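Protein sequences, first through last, are from chains Y and H. Heads up, the first sequence is in my numbering, so the first residue is 1 and it goes up one at a time. Heads up, the second sequence is in my numbering, so the first residue is 1 and it goes up one at a time.
There are 2 protein chains.
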Amino acid sequence: MPSPREAEPELQAAIDDVAATVSKTMEHLLPQTDDAEGYLYDAMRFSSLGGGKRLRPFLVMQSAKLFNVDPTRAKRAAAALEFIHCYSLVHDDLPAMDDADTRRGKPSTHRKFDEATAILAGDALQALGFEILSDNQTHEDPRVRCQLISAMAKAAGGHGMCGGQMLDLIGETEEFDMGTISRLQRLKTGMLMAFACEAGGILGKADEAHRKALRGYAHDLGLAFQVTDDILDVEGDENDTGKPANQDEAAGKATFVSTLGKDQARMRAEMLVAQACRHLHVFGDRANMLKKFAHYVLERRA
Amino acid sequence: MPSPREAEPELQAAIDDVAATVSKTMEHLLPQTDDAEGYLYDAMRFSSLGGGKRLRPFLVMQSAKLFNVDPTRAKRAAAALEFIHCYSLVHDDLPAMDDADTRRGKPSTHRKFDEATAILAGDALQALGFEILSDNQTHEDPRVRCQLISAMAKAAGGHGMCGGQMLDLIGETEEFDMGTISRLQRLKTGMLMAFACEAGGILGKADEAHRKALRGYAHDLGLAFQVTDDILDVEGDENDTGKPANQDEAAGKATFVSTLGKDQARMRAEMLVAQACRHLHVFGDRANMLKKFAHYVLERRA
Numbered sequence: 001m002p003s004p005r006e007a008e009p010e011l012q013a014a015i016d017d018v019a020a021t022v023s024k025t026m027e028h029l030l031p032q033t034d035d036a037e038g039y040l041y042d043a044m045r046f047s048s049l050g051g052g053k054r055l056r057p058f059l060v061m062q063s064a065k066l067f068n069v070d071p072t073r074a075k076r077a078a079a080a081l082e083f084i085h086c087y088s089l090v091h092d093d094l095p096a097m098d099d100a101d102t103r104r105g106k107p108s109t110h111r112k113f114d115e116a117t118a119i120l121a122g123d124a125l126q127a128l129g130f131e132i133l134s135d136n137q138t139h140e141d142p143r144v145r146c147q148l149i150s151a152m153a154k155a156a157g158g159h160g161m162c163g164g165q166m167l168d169l170i171g172e173t174e175e176f177d178m179g180t181i182s183r184l185q186r187l188k189t190g191m192l193m194a195f196a197c198e199a200g201g202i203l204g205k206a207d208e209a210h211r212k213a214l215r216g217y218a219h220d221l222g223l224a225f226q227v228t229d230d231i232l233d234v235e236g237d238e239n240d241t242g243k244p245a246n247q248d249e250a251a252g253k254a255t256f257v258s259t260l261g262k263d264q265a266r267m268r269a270e271m272l273v274a275q276a277c278r279h280l281h282v283f284g285d286r287a288n289m290l291k292k293f294a295h296y297v298l299e300r301r302a
Numbered sequence: 001m002p003s004p005r006e007a008e009p010e011l012q013a014a015i016d017d018v019a020a021t022v023s024k025t026m027e028h029l030l031p032q033t034d035d036a037e038g039y040l041y042d043a044m045r046f047s048s049l050g051g052g053k054r055l056r057p058f059l060v061m062q063s064a065k066l067f068n069v070d071p072t073r074a075k076r077a078a079a080a081l082e083f084i085h086c087y088s089l090v091h092d093d094l095p096a097m098d099d100a101d102t103r104r105g106k107p108s109t110h111r112k113f114d115e116a117t118a119i120l121a122g123d124a125l126q127a128l129g130f131e132i133l134s135d136n137q138t139h140e141d142p143r144v145r146c147q148l149i150s151a152m153a154k155a156a157g158g159h160g161m162c163g164g165q166m167l168d169l170i171g172e173t174e175e176f177d178m179g180t181i182s183r184l185q186r187l188k189t190g191m192l193m194a195f196a197c198e199a200g201g202i203l204g205k206a207d208e209a210h211r212k213a214l215r216g217y218a219h220d221l222g223l224a225f226q227v228t229d230d231i232l233d234v235e236g237d238e239n240d241t242g243k244p245a246n247q248d249e250a251a252g253k254a255t256f257v258s259t260l261g262k263d264q265a266r267m268r269a270e271m272l273v274a275q276a277c278r279h280l281h282v283f284g285d286r287a288n289m290l291k292k293f294a295h296y297v298l299e300r301r302a
């Protein structure tokens with residue numbers, strides 16, 4: 001019998017399958033180069049191609065499936081989003097930010113290369129994400145491409161991921177109330193997760209009701225994801241998570257765990273997952289994998 | 001009589017006019033916010049709204065004029081590009097990169113705020129640039145918007161500005177030949193200048209011959225711009241350029257001046273400007289301002 005903290009076999013197979021195919025697409029979209037700037041591409045490839053759970057791509061592929069989107073298109077959107085996610089990890093790890101020496105059990109990009117190269121690799125990965133979405137291979141309708149770009153830019157920008165990261169840094173020295181912690185997490189993680197889920201709807205030209213359902217799912221899932229992240233920070237095994245335990249506490253960061261306590265945080269996560277799944281009722285059985293995924297987020301150990 | 005190194009009055013008035021109107025558009029596109037992440041927006045606004053010559057916006061506006069593009073649209077494309085340019089300055093100034101304490105006579109962003117905030121402000125400014133281009137206020141035809149996004153992403157990315165910046169850093173410790181120095185400059189400055197010139201053609205749905213002429217102009221102008229930048233680094237007055245003299249030499253950077261000598265470099269710049277202007281013959285008198293601008297690049301002192 002599998003450990004209760006492992007994804008059930010069908011879900012795990014689906015996650016592994018997406019990770020493999022989207023990683024291949026990313027490899028194809030970020031080829032090695034003989035140009036003089038090849039060193040930068042080494043750093044970009046190191047930062048984005050060597051593993052990673054590819055959970056955001058999984059959400060793109062699954063949400064796209066709900067609307068019968070051509071998988072070759074969905075894979076490109078998933079890759080674009082994952083490049084954005086990878087750029088954010090490279091910059092988050094920088095000495096001036098989280099100052100992390102390792103990432104996914106490997107050296108962080110600025111440790112493997114150097115700080116300047118890591119900054120530039122992150123910058124170039126962000127540009128690459130938008131370049132991929134603008135290409136007509138991602139969708140033949142330029143209106144759809146612009147919608148994807150607009151949504152990803154907002155999710156990644158100042159009122160999205162970057163804003164959340166800013167709040168995270170401010171939270172090291174300031175006491176936040178629950179409202180601000182929730183906003184921090186929604187911006188830092190939630191917006192990009194929401195984009196992952198909505199991307200399928202955009203690619204499939206879904207109507208507003210279906211998009212709203214996906215956004216609702218993503219919103220609750222994103223918060224649940226962050227709460228379990230906070231729990232993993234205090235409970236997780238470095239061998240599983242690939243990063244040292246108690247980093248948040250050491251950095252004095254306000255988290256759900258530090259504010260609510262571990263048990264309350266776990267209850268909050270469970271409630272959020274139940275709520276996330278209720279949003280998916282409109283899709284019936286076809287959303288089973290997304291529902292399973294929400295439960296997996298709760299039980300994951302890395 | 002004006003000094004021969006000042007732009008002639010008609011050109012100067014046109015440059016000032018663009019700087020004022022595009023700055024206003026940028027101000028409008030990057031409003032102050034009461035949200036918790038307001039500190040990040042302070043840094044973004046500090047990095048992009050306080051002055052700057054707005055030379056790239058000038059090229060966008062002038063090239064757009066050749067095809068009778070609605071100026072309210074051109075202004076948005078110009079603003080998007082300038083946000084990208086500003087993000088690159090913020091990251092270039094970081095301690096791990098050029099380690100510059102001042103920019104345009106003011107403290108650099110990481111000196112005014114802190115390093116982490118400067119990294120995030122740059123990241124968010126890049127996302128903002130793409131968000132602006134994806135909006136239908138920039139052009140009603142989504143195909144045009146996607147072309148702008150694709151061209152800007154390529155110009156800013158790993159085989160564009162970021163790649164050039166990478167070469168610039170490598171050049172501090174490695175000896176480059178003229179071919180590699182030319183590539184460095186083309187990527188670092190030329191590609192974004194080329195996008196500035198081509199943006200007008202894209203917005204105006206110009207045919208390939210006209211776009212090619214603009215690219216040719218931009219290519220030579222970009223190189224001339226970089227050569228004069230190198231000359232200004234050794235000759236310029238800190239009061240004009242807003243940065244200390246001989247920064248490149250101190251950093252051991254390979255430049256046109258260090259490789260060719262100052263006189264040869266100036267001759268090269270003059271030749272490039274003449275060549276740039278020849279590309280514009282296809283536009284007749286309507287391109288006079290762009291021709292004047294090329295000569296101004298040669299004579300500028302900041």
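Built from N, CA and C at the ideal position, the CB exists for glycine as well. Since the structure is predicted, the reported quantities are computational estimates derived from the model, not experimental observations.
Query, Result
"Cβ neighbours of L169/Y in the same chain (closer than 8 Å, five flanking residues each side left out)", "M97"
"Simplified DSSP assignment, three categories, for P4/H", "With a pLDDT of only 45 at P4/H, under 50, the local geometry of the prediction cannot be trusted, and the value read off the model is given with reservation. Coil at P4/H, not helix or strand."
"C-alpha gap between L214/H and S63/H, whole angstroms", "8 Å"
"Rounded separation between R103/H and F113/H - CA only", "14 Å"
"8 Å Cβ cutoff, L97/Y in contact with chain H", "In the sequence as presented, Leu is not what sits at residue 97/Y; that position holds Met. It does; some Cβ of chain H falls within 8 Å."
"Range of the contiguous alpha helix (DSSP H) that encloses T228/Y", "208 to 235"
"Three-state secondary structure assigned by DSSP to R54/Y", "coil"
"Cβ pair count under 8 Å reaching 3, the segment 18 to 26 of chain Y against the segment 56 to 70 of chain Y", "yes"
"Amino acids of chain Y, ordered along the chain, whose beta-carbon sits closer than 7 Å to that of K154/H", "E131"
"Same chain, Cβ closer than 6 Å to I15/Y, neighbours up to 5 away in sequence not counted", "F58"
"Between the CA atoms of A155/H and D207/H - distance to the nearest angstrom", "20 Å"
"Beta carbon of F67/H nearer than 8 Å to that of G204/H", "yes"
"Inter-residue spacing [alpha-carbon to alpha-carbon] between L290/H and D17/Y", "54 Å"
"Terminal residues of the alpha helix (DSSP H) in which P142/Y lies", "142 to 156"
"Cross-chain neighbours of I149/H in chain Y, by beta carbon under 7 Å", "F130, S134, I149"
"Any chain H beta carbon closer than 8 Å to D183/Y", "What sits at residue 183/Y in the sequence shown is Arg, not Asp. At least one chain H Cβ lies under 8 Å of R183/Y."
"Selected residue, minimal CA-CA separation from D135/Y, among I149/H, R111/H, N136/H, Q137/H", "I149/H"
"Contacting positions in the segment 9 to 32 of chain H - beta carbon closer than 9 Å to chain B", "Although the question refers to chain B, the structure presented lacks it and instead comprises the protein chains Y and H."
"C-beta neighbour in chain H for R311/Y, strict 8 Å", "This structure cannot speak to residue 311/Y, because chain Y is shown only from 1 to 302."
"Buried/exposed call for P2/H, threshold 16 Cβ in 10 Å", "Caution applies to P2/H, whose pLDDT of 40 falls short of 50 and renders its modelled position unreliable; the value that the coordinates give is listed next. So P2/H ends up on the exposed side."
"is_contact[M178/Y, chain H] using C-beta, thresh 8 Å", "no"
"Interface partners of H159/Y on chain H, CB under 8 Å", "T33, D35, E37"
"Enclosing alpha helix (DSSP H) for H85/Y [first to last residue]", "71 to 92"
"Whole-angstrom distance between A74/H and Q137/H, CA atom to CA atom", "10 Å"
"Within-8 Å CB hit, P107/H to chain Y", "no"
"Coil, strand or helix - T266/Y by DSSP", "What sits at residue 266/Y in the sequence shown is Arg, not Thr. The answer is helix: DSSP assigns R266/Y an H, G or I state."
"Extent of the continuous alpha helix (DSSP H) run through E37/Y", "From DSSP, E37/Y is part of no alpha helix (DSSP H); its letter is neither H nor E."
"Buried/exposed call for A13/Y, threshold 16 Cβ in 10 Å", "exposed"
"Simplified DSSP assignment, three categories, for K205/H", "coil"
"Local conformation of R286/Y per DSSP, three classes", "helix"
"E198/Y at chain H interface by Cβ criterion, 8 Å", "no"
"Where T109/Y sits in the DSSP three-state scheme", "helix"
"For D123/H and A100/Y, the rounded distance between their alpha carbons", "19 Å"
"Spatially closest choice to L272/H from M26/H, C197/H, Q226/H, by CA coordinates", "Q226/H"
"Residues sharing a beta bridge with T102/H, DSSP", "P107/H"
"is_contact[E208/Y, chain H] using C-beta, thresh 8 Å", "no"
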